[in-house]
Amino acid sequence: NAGVTQTPKFQVLKTGQSMTLQCAQDMNHNSMYWYRQDPGMGLRLIYYSASEGTTDKGEVPNGYNVSRLNKREFSLRLESAAPSQTSVYFCASTNPGANTGELFFGEGSRLTVL
Amino acid sequence: AQKITQTQPGMFVQEKEAVTLDCTYDTSDPSYGLFWYKQPSSGEMIFLIYQGSYDQQNATEGRYSLNFQKARKSANLVISASQLGDSAMYFCAMRENNAGNMLTFGGGTRLMVKP
Numbered sequence: 001n002a003g004v005t006q007t008p009k010f011q012v013l014k015t016g017q018s019m020t021l022q023c024a025q026d027m028n029h030n031s032m033y034w035y036r037q038d039p040g041m042g043l044r045l046i047y048y049s050a051s052e053g054t055t056d057k058g059e060v061p062n063g064y065n066v067s068r069l070n071k072r073e074f075s076l077r078l079e080s081a082a083p084s085q086t087s088v089y090f091c092a093s094t095n096p097g098a099n100t101g102e103l104f105f106g107e108g109s110r111l112t113v114l
Numbered sequence: 001a002q003k004i005t006q007t008q009p010g011m012f013v014q015e016k017e018a019v020t021l022d023c024t025y026d027t028s029d030p031s032y033g034l035f036w037y038k039q040p041s042s043g044e045m046i047f048l049i050y051q052g053s054y055d056q057q058n059a060t061e062g063r064y065s066l067n068f069q070k071a072r073k074s075a076n077l078v079i080s081a082s083q084l085g086d087s088a089m090y091f092c093a094m095r096e097n098n099a100g101n102m103l104t105f106g107g108g109t110r111l112m113v114k115p
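From first to last, the protein sequence lines stand for chains A and B.
Once you know that position 11 of the first sequence is 11 in my numbering, the rest is easy, because the numbers rise by one and skip nothing.
Once you know that position 97 of the second sequence is 97 in my numbering, the rest is easy, because the numbers rise by one and skip nothing.
What follows is the structure, given as structure tokens:
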């Protein structure tokens with residue numbers, strides 16, 4: 001059972017470089033989310049996708065773009081990385097109408113921007 | 001404005017005692033869900049308990065219970081009989097069902113269980 005898979009797990013970038021974080025889920029979930037977690041802090045919502053074909057900004061969308069490629073995949077792109085984007089990024093998915101609609105999380109992607 | 005507020009950055013509890021972690025929320029959506037997650041030092045997010053806004057009874061799940069006070073907009077987590085393995089970060093979260101299922105987290109509470 002793969003659940004939610006994020007790649008890469010670790011990445012070091014230089015300021016100004018671009019990269020894409022990939023996320024895929026195999027649970028047939030409708031909704032997918034990208035969060036960032038800075039050291040000692042909570043998760044802040046970057047973007048989310050309630051269903052295939054829709055995306056919405058969360059609390060901290062600046063500097064990021066997303067693509068809901070299909071029902072399974074939801075990618076997060078940093079066009080021009082900045083040191084302030086150094087963080088751990090979590091992808092998550094859920095079916096809100098299911099029993100509890102709990103979020104299922106990936107293992108996280110640790111990004112360092114120098 | 002913060003949607004989810006956890007006012008206790010850190011808490012200590014003696015092993016085998018009960019502890020309450022506070023969470024207040026802010027929404028105008030009549031349909032919402034409240035969640036608690038545990039994050040141990042290893043970093044994974046572990047789902048603990050869920051409360052729907054229309055649920056009449058407080059949710060319980062083993063040693064975890066959720067003290068849901070809708071009028072006060074609070075959803076406190078109660079952990080009974082604390083164990084050393086309960087030491088972790090705890091996050092409260094809310095999903096607003098009529099806002100595209102937007103799901104936001106509070107800043108967390110670090111719980112430390114003393115032997």
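A virtual CB, placed ideally from N, CA and C, is assigned to each residue, including glycine.
All values reported here derive from a predicted model rather than from experimental measurement.
Exercise. DSSP state of residue 56 of chain A, grouped into three classes?
Worked result: strand
For this session: Would you please verify whether the beta carbon of residue 10 of chain A is less than 8 Å from any beta carbon of chain B?
Result: no
Exercise. If we count the other Cβ atoms within 10 Å of its Cβ and call it buried at 16 or more, is residue 69 of chain A buried or exposed?
Worked result: exposed
For this session: Note down, in chain order, each residue of its chain lying with its Cβ closer than 7 Å to the Cβ of residue 38 of chain A, except the 5 sequence neighbours on either side.
Result: 87
Problem set entry | Separation of residue 14 of chain A from residue 3 of chain A, as counted between CA atoms | 31 Å
Exercise. Quick one: what's residue 45 of chain A bridged to in DSSP?
Worked result: A/35
Exercise. Bridge partners of residue 42 of chain B, per DSSP?
Worked result: Paired residue(s): none; residue 42 of chain B is not in a bridge.
Exercise. In chain B, which residues lie less than 8 Å from residue 32 of chain A when you measure between Cβ atoms?
Worked result: Correct list: empty, because the minimum Cβ distance to chain B is about 10 Å.
For this session: Identify each residue in the segment 19-44 of chain B for which the Cβ-Cβ distance to at least one residue of chain A is less than 9 Å, and report them in chain order.
Result: 33, 35, 37, 39, 43, 44
For this session: Leaving out five residues on either side along the sequence, give the residues of the same chain with a beta carbon under 8 Å from the beta carbon of residue 108 of chain A.
Result: 6, 9, 37, 88, 89, 90
For this session: With a floor of 3 residues, list each beta strand (DSSP E) that falls wholly inside the segment 38-96 of chain B, ordered by position along the chain.
Result: 46-52, 64-69, 74-79, 88-96
Exercise. At least one CB of chain B closer than 8 Å to the CB of residue 26 of chain A: is that the case?
Worked result: no
Exercise. Does DSSP classify residue 84 of chain A as helix, strand or coil?
Worked result: helix
Exercise. Would residue 41 of chain A count as contacting chain B if we go by Cβ distances under 8 Å?
Worked result: yes
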